[in-house]
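Residue numbers (our numbering): 1373 to 1639. One structure is given below, encoded as structure tokens.
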Amino acid sequence: MMKKILKGTLLLVLGTGRLLSQENTEPKEGRLDFTANIQNNHLWRGLIITDKPVVMGNLSYALDAEKKWKVGIWGASALVDDKDNTHYKEINYYVQYSDGRFYIGLWDLYNSRNINTAVAADDIFSYSQRRTAHIIDLRTNYTFGPSFPINIEADIMLYGGANAGEVILEPDGSYKKNRYSTYIQATYPVISGQKVNLDAFVGAGFALNDKTFLYGNGKNSFDIVNVGVKAGKVVKITDHYSLPVSMMAMWNPSNKYARIQLAATVF
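What follows is the structure, given as structure tokens:
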């Protein structure tokens, strides 16, 4: 009888230990996360940043348990050189707040491709008001309620951008002003809740402190710079892995070009 009790107790202890071991090996959902995307090009606010395939990564850390506040690093690199023999590489830092339908973020953008050293510093640590290639970008967007699910985005370049033409100098080369190029966009979900969803968008640009702005052709003070549609769906690869993919068609009426973009979120 004693042997049976000891044997039963041993089996119970071993079984419990195995169960606890399995529970301990399951990963916990923490505040640190990262994602990766691959795209056939990089289009941004109606601009063609590069026509070459791009790999993108986003590393973020939530500052609160609800994950409303986050800090992070976003980066991207083209897989090959562009036709002008320059190579697109970008690294950005951000802090952001999102709460359901509202988002606000402050981004530090640094694109090291084709920096003109005559007007901008190619030193990533330079934040000179007159020569920095960094751009401090304020980003906001808000989605209205279910009965009117339109999303409004408004972004303002607050500081820097010498290489992008955002900094205006005096004739003697001293700092005069920033343009404060501004981008606004409205997006509407034409088809939602289906296997393939479709959004339509229109974006415009202007400058708060100058007659011309970054996103246009340099001739108008206000212009439509980004019109298009974006379709998205989730492709099931295995029982445990699905791949979100999208296709976007965009036209820039100001710069008179158009592009198709194919993208996938790898993880």
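Glycine included, C-beta positions come from ideal geometry on N, C-alpha and C.
- By the beta-carbon neighbour count (other beta carbons within 10 angstroms, threshold 16), residue 1634 is exposed.
- For residue 1535, the secondary structure class from DSSP, reduced to helix, strand or coil, is helix.
- Taking a contact as a CB-CB distance under 8 Å, the pair residue 1528 and residue 1505 does not count as one, their CB atoms being some 18 Å apart.
- Annotation for residue 1479: 1464, 1466, 1509 and 1511 place their beta carbon closer than 7 Å to its own, counting only its chain and skipping 5 residues before and after.
- The alpha-carbon of residue 1636 is positioned some 45 Å away from that of residue 1546.
- Between residue 1448 and residue 1424, the C-beta gap is not smaller than 8 Å, which leaves the two residues out of contact.
- Residue state for residue 1617 is assigned as strand, using DSSP reduced to three classes.
- Residue 1606 sits in a strand when the DSSP states are folded into three classes.
- In terms of Cα proximity to residue 1631, the closest of 1403, 1409, 1551 and 1419 is 1419.
- Across the structure, residue 1535 and residue 1502 are spaced so that their CA atoms are roughly 10 Å apart.
- Taking a 10 Å sphere around the C-beta of residue 1460, we find 16 or more other C-beta atoms and assign the residue as buried.
- Here residue 1422 is buried. Its C-beta has 16 or more other C-beta atoms within 10 Å.
- Taking residue 1444 as the centre and dropping the five residues before and after it, the same chain places the C-beta of 1430, 1431, 1432, 1433 and 1466 closer than 7 Å to its C-beta, in chain order.
- Judged by beta-carbon spacing, residue 1573 lies beyond the 8 Å limit of residue 1554, meaning their Cβ atoms are not closer than that value.
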